[in-house]
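**Q** Just so you know, we're using the working numbering here: the first sequence kicks off at 304 and counts up by one.
Glycine included, every Cβ here is placed at the ideal spot set by N, Cα and C.
Here the structure is a predicted model, which is why all the values come from computation and not from measurement.
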Amino acid sequence: MDKPNDLMDKLVSLCKRRGFIFQSSEIYGGLNGCWDYGPLGVELKRNVKNLWWSDVVTSRDDMVGLDASVIMNPRVWEASGHVGGFADPMVDCRKCKGRFRADQLYYAVRQGQSRHGGTVSVGFSAIADKAQDALTAMELQLKKKGRQIREWSSDFEPIRYDQQQSDQTPCPVCGEQECLTAPRAFNLMLKTYMGALEDSSSLAYLRPETAQGIFCNFKNVLDTQRLKLPFGIAQVGKAFRNEINPRNYTFRSREFEQMEIEFFCHPSQADQWYKYWRQARFDWYINLGLGSQRLRLRDHDKDELAHYAANCADVEYAFPFGVSELEGIANRTDFDLKQHQECSGKDLTYYDDQTKERFLPYVIEPSAGVDRSVLAFLCEAYTEDEAPDDKGNPKKRVLMKLHPKLAPIKAAVFPLVKKDGMPEVAHKIYDDLKKRWNVFYDEKGAVGRRYRRQDEAGTPFCITVDGQTLQDQTVTIRDRDSLNQDRIGIDKIASYLSEHLGN
RNA sequence: GCGGGUGUAGCUCAGUGGUAGAGCGCAACGUUGCCAACGUUGCUGUCGUCGGUUCGAAUCCGAUCACCCGCUCCA
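Quick look at the structure:
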């Protein structure tokens with residue numbers, strides 16, 4: 304069994320070697336948190352996005368698509384809460400290197416008479432969600448320090464560190480005085496400037512999520528598409544976040560791609576639709592080959608829920624580096640539409656002609672990370688097994704067991720040898736298949752080597768033209784995973800692939 | 001952001017101050033003819049980057065960038 308990191312190292316190496324994923328701007332030393340998809344990677348990623356689109360948009364009659372701009376009016380991000388809420392000011396301890404959210408760090412200073420008669424002031428600190436919890440924690444501390452204090456002279460009121468700092472605030476972990484930094488904002492939105500002048504009036508943001516483009520177009524879609532509730536709007540697109548610490552290959556990138564659905568429904572139906580999407584999205588990954596042992600659906604605890612969510616579940620995958628989120632499905636209630644209605648001053652309510660009811664729809668949001676899905680599919684696909692070499696001795700083989708629907712190359716066509724008219728026949732087959740699928744032609748070197756190369760690319764089928772082909776117009780089709788070969792007529796190749804690829 | 005590690009060919013890595021290497025891969029030709037075959041030939045490098053020490057730096061020092069691990073963080 305590989306150590307977790309071994310598997311990631313091998314996968315990273317294979318992805319580079321075969322052209323799935325490269326580091327961004329590699330010749331300049333790379334760029335933290337940014338990655339490029341190579342010729343095979345872009346096919347895989349497009350397959351993921353196209354399958355998602357056809358499964359949640361074009362094959363349904365209650366879904367439509369959208370492609371909103373990356374840069375939106377900055378007021379959008381005030382309404383969504385990203386300008387204020389996306390930035391959590393952090394406080395660092397210079398001594399013990401601890402880091403705390405400033406809004407969770409409370410402090411209090413209290414005067415007291417010491418046993419020797421002098422007046423002392425003692426600082427307290429605690430990490431807590433509420434001032435009351437901080438007070439409780441500080442009173443415990445007070446009892447310990449109280450031994451040297453004869454009498455406390457003032458009241459005790461915890462103050463949030465981000466509202467008023469004090470040098471007397473000790474570090475809540477190591478207790479050291481005068482070691483905390485001022486709260487520093489980590490704004491997770493990338494800024495840019497629209498127009499030639501770089502001043503505050505031209506400040507704009509690269510969207511941190513695609514969702515707001517959907518909410519802002521809710522009324523447009525409703526007014527133009529003759530839709531009735533419940534219905535959803537789907538969007539695939541790039542989003543940007545200043546992640547404090549990009550890590551784990553493409554998993555936490557600063558530029559990434561999302562696949563998001565906002566499904567609008569009557570508030571009374573929200574829970575039912577939440578449960579529907581929660582299951583539907585989980586099943587989607589399983590059907591594309593993510594093993595159910597490594598995939599899990601985790602419901603958030605009530606105290607874990609964001610302020611806007613009534614319910615939330617994460618689709619999580621057990622990556623080699625840990626269990627991490629691929630997609631979150633949330634019941635966002637009417638929070639977003641309400642915010643935009645207030646901030647824009649535009650009516651975003653829905654009127655139901657039959658019930659004569661006017662209301663703000665509730666929203667179920669299945670929000671998935673494209674790059675995270677791709678990485679999970681790659682991790683799941685990486686396989687080492689043994690296959691016999693030309694002398695029948697078992698040899699290590701590396702293959703990517705990608706689901707055929709995801710495989711960048713659907714089939715490779717080879718002449719067994721580069722002579723006797725085999726290349727011509729093989730190339731004709733290749734030309735025909737290319738009209739319908741992404742297929743690959745290779746006539747160089749030993750056929751075994753060509754098979755193995757396709758194994759690493761995740762190509763599910765290899766079609767080989769041999770001496771017998773020239774006699775009876777049949778070819779062999781080799782299965783990537785089992786190594787089994789079927790012999791079929793050239794005229795049956797397309798239907799064979801169609802059946803086994805599922806399209 | 002903190003601490004530790006790593007950075008040399010497409011990949012994996014050797015190379016502790018004196019002419020940049022190996023295996024695999026890749027390309028060409030020939031042989032072979034169904035699973036990384038054999039032979040011959042060939043290609044591949046700002047030794048991550050910048051600066052310093054030195055007669056001389058892949059090697060020593062400093063800075064910086066990137067990746068990995070552990071903390072931290074992840075509306």
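Taking the alpha carbon of LYS578 as the point to measure from, which residue in SER556, ALA613, GLN596 has its own alpha carbon closest?
**A** On the first sequence, position 275 is the one that residue 578 refers to. Of the listed residues, the one whose Cα sits closest to LYS578 is ALA613.
**Q** What's the gap between the Cα of LEU408 and the Cα of GLU668?
**A** As a first step, residue 408 is located in the first sequence; it is residue number 105 there, counting from the start. As a first step, residue 668 is located in the first sequence; it is residue number 365 there, counting from the start. About 32 Å.
**Q** How is LEU314 classed by DSSP in three states: helix, strand or coil?
**A** Taking the first sequence and counting its residues from 1, the one referred to as residue 314 is at position 11. Helix, per DSSP.
**Q** For LEU681 and LEU314, I'd like the C-alpha separation in whole angstroms.
**A** Taking the first residue of the first sequence as position 1, residue 681 is located at position 378. Taking the first residue of the first sequence as position 1, residue 314 is located at position 11. Distance between the alpha carbons of LEU681 and LEU314: 8 Å.
**Q** Find the nearest neighbour of ASP784 within the set GLN575, GLN771, CYS765, judged by alpha-carbon distance.
**A** Mapped onto the first sequence, residue 784 falls at position 481. For ASP784, the nearest C-alpha among the options comes from CYS765.
**Q** Mark HIS643 as exposed unless 16 or more other C-beta atoms lie within 10 angstroms of its C-beta, in which case mark it buried.
**A** By one-based count along the first sequence, residue 643 stands at place 340. It counts as buried.
**Q** Tell me which same chain residues have a C-beta within less than 7 Å of the C-beta of LYS699, skipping the five on either side of it?
**A** The residue you call residue 699 lines up with position 396 of the first sequence. So the qualifying residues of the chain are GLU687, GLU689.
**Q** Output the distance between the C-alpha atoms of ALA431 and ILE462, rounded to the nearest integer angstrom.
**A** Taking the first sequence and counting its residues from 1, one reaches residue 431 at position 128. Taking the first sequence and counting its residues from 1, one reaches residue 462 at position 159. For ALA431 and ILE462, the distance between alpha carbons rounds to 11 Å.
**Q** Thinking C-alpha only, which one of LYS605, GLN575, GLU619, PRO570 is nearest TRP587?
**A** Reading the first sequence from its first residue, position 284 is the one you call residue 587. For the residues LYS605, GLN575, GLU619, PRO570, the minimum Cα distance to TRP587 belongs to GLU619.
**Q** Taking ARG790 as the reference, give the member of ILE780, ALA797, LYS721, TYR799 with the closest Cα.
**A** The residue given as residue 790 occupies position 487 in the first sequence. Among ILE780, ALA797, LYS721, TYR799, the Cα nearest to that of ARG790 is on ILE780.
**Q** Could you tell me the alpha carbon to alpha carbon distance between LYS348 and TRP576, rounded to whole angstroms?
**A** Counting from 1 along the first sequence, the entry for residue 348 is found at position 45. Counting from 1 along the first sequence, the entry for residue 576 is found at position 273. Their Cα atoms are separated by approximately 28 Å.
**Q** Who are ILE536's beta bridge partners in DSSP?
**A** Here the question's residue 536 lines up with position 233 in the first sequence. Answer is VAL367, GLU565.
**Q** Let me know the secondary structure DSSP gives THR777 once reduced to three states.
**A** What you label residue 777 is simply residue 474 of the first sequence in a count that begins at 1. Strand at THR777.
**Q** Anyone know if the C-beta pair for GLU454 and GLN416 falls short of 7 Å?
**A** Residue 454 sits at position 151 when you count from the first residue of the first sequence. Residue 416 sits at position 113 when you count from the first residue of the first sequence. Against a cut-off of 7 Å, the Cβ pair of GLN416 and GLU454 comes out as a contact.
**Q** Here's the rule I'm using: 16 or more other beta-carbon atoms within 10 Å means buried, otherwise exposed. How should TYR331 be labelled?
**A** For this step, residue 331 is matched to residue 28 along the first sequence. Its Cβ having fewer than 16 others within 10 Å, TYR331 is exposed.
**Q** Here's a check: name, in chain order, each residue in its chain whose Cβ is nearer than 7 Å to the Cβ of LYS352, leaving out the five neighbours to either side.
**A** Along the first sequence, read from residue 1 onward, the residue named residue 352 stands at position 49. VAL539, MET562, VAL673, listed in sequence order.
**Q** Here's the rule: buried if 16 or more other CB atoms are within 10 angstroms of the residue's CB, otherwise exposed. What is HIS256?
**A** Only positions 304 to 806 of the chain appear in the structure, and residue 256 is not among them; the question remains open.
**Q** When the Cα atoms are used, what is the spatial distance from THR422 to ALA437?
**A** As a first step, residue 422 is located in the first sequence; it is residue number 119 there, counting from the start. As a first step, residue 437 is located in the first sequence; it is residue number 134 there, counting from the start. Approximately 24 Å between the Cα atoms of the pair.
**Q** For TRP338, name the three-state secondary structure that DSSP assigns.
**A** The sequence position of residue 338 within the first sequence is 35, counting from 1. In the structure shown, TRP338 sits in a strand (DSSP, three-state: E or B).
**Q** Which residues does DSSP pair with ASN614 in a beta bridge?
**A** The residue labelled residue 614 in the question sits at position 311 within the first sequence. The partner list for ASN614 (beta bridge, DSSP) reads ASN634.
**Q** Apply the 10 Å Cβ neighbour rule to HIS385 and answer buried if 16 or more other Cβ atoms are within range, or exposed otherwise.
**A** Within the first sequence, numbered from 1, the residue matching residue 385 stands at position 82. With 16 or more Cβ atoms within 10 Å of its Cβ, HIS385 is classed as buried.
**Q** Please name the residue, chosen from LYS731, THR772, ALA714, ASP723, that lies closest to HIS803 on a Cα-to-Cα basis.
**A** For the purposes of this step, residue 803 is taken as the residue at position 500 of the first sequence. Checked all of LYS731, THR772, ALA714, ASP723; the closest Cα to HIS803 is ALA714.
**Q** Since CYS519 is in the alpha helix (DSSP H), which residue starts that stretch and which ends it?
**A** One-based indexing of the first sequence puts residue 519 at position 216. It spans 514–519 - the alpha helix (DSSP H) in which CYS519 sits, taken as one unbroken run.
**Q** Do you know offhand how far TYR340's Cα is from LYS694's?
**A** Residue numbering aside, residue 340 sits at position 37 when the first sequence is read from its first letter. Residue numbering aside, residue 694 sits at position 391 when the first sequence is read from its first letter. TYR340 and LYS694: Cα-Cα distance of roughly 37 Å.
**Q** Does the Cβ of GLN515 have 16 or more other Cβ atoms within 10 Å, making it buried, or fewer, making it exposed?
**A** Residue 515 sits at position 212 when you count from the first residue of the first sequence. The residue is buried, with at least 16 neighbouring Cβ atoms inside 10 Å.
**Q** Tell me, please, which residues DSSP counts as bridged to ASP655.
**A** Residue mapping note: residue 655 aligns to position 352 of the first sequence, counting from 1. For ASP655, which the question treats as bridged, DSSP gives the partners GLU660.
**Q** Determine the direct distance from the alpha carbon of LYS522 to that of ASP309, and round the result to whole angstroms.
**A** Taking the first residue of the first sequence as position 1, residue 309 is located at position 6. Taking the first residue of the first sequence as position 1, residue 522 is located at position 219. Using only the alpha carbons, I get a separation of about 50 Å.
**Q** Work out the CA separation of ALA671 and MET311 for me, nearest whole Å.
**A** Along the first sequence, one-based indexing puts residue 311 at 8. Along the first sequence, one-based indexing puts residue 671 at 368. Distance between the alpha carbons of MET311 and ALA671: 22 Å.
**Q** Compare the C-alpha of GLN776 against each of LEU525, LYS795, LEU786, ASP692 and name the closest.
**A** Taking the first sequence and counting its residues from 1, one reaches residue 776 at position 473. For GLN776, the nearest C-alpha among the options comes from LYS795.
**Q** Using the Cα positions of VAL701 and SER503, report the straight-line distance between them to the nearest angstrom.
**A** As a working mapping, residue 701 is identified with position 398 in the first sequence. As a working mapping, residue 503 is identified with position 200 in the first sequence. Rounded to the nearest angstrom, the two C-alpha atoms are 54 Å apart.
**Q** Is the number of C-beta pairs between the segment 752–762 and the segment 720–730 that are closer than 8 Å three or more?
**A** No, the segment 752–762 is not in contact with the segment 720–730.
**Q** Taking the Cβ atom as the reference point for each residue, do LEU736 and ILE536 lie within a distance shorter than 7 Å?
**A** Here the question's residue 736 lines up with position 433 in the first sequence. Here the question's residue 536 lines up with position 233 in the first sequence. No, they are not a contact pair.
**Q** At 3 residues or longer, and completely inside the segment 665–751: list those beta strand (DSSP E) runs for me, N to C.
**A** You should have 665–672, 685–691, 697–703, 714–718, 742–744.
**Q** For LYS795, which of helix, strand or coil comes out of DSSP?
**A** By one-based count along the first sequence, residue 795 stands at place 492. Note: LYS795 maps to helix in three-state DSSP.
**Q** Please report the straight-line C-alpha distance between LEU483 and VAL394, rounded to a whole angstrom.
**A** Counted from its first residue, the first sequence places residue 483 at position 180. Counted from its first residue, the first sequence places residue 394 at position 91. If you take the alpha carbons of LEU483 and VAL394, they lie about 7 Å apart.
**Q** Please classify TYR611 as buried or exposed, where buried requires at least 16 neighbouring CB atoms within 10 angstroms.
**A** Taking the first sequence and counting its residues from 1, the one referred to as residue 611 is at position 308. The residue in question, TYR611, is buried, as its Cβ has 16 or more Cβ neighbours within 10 Å.
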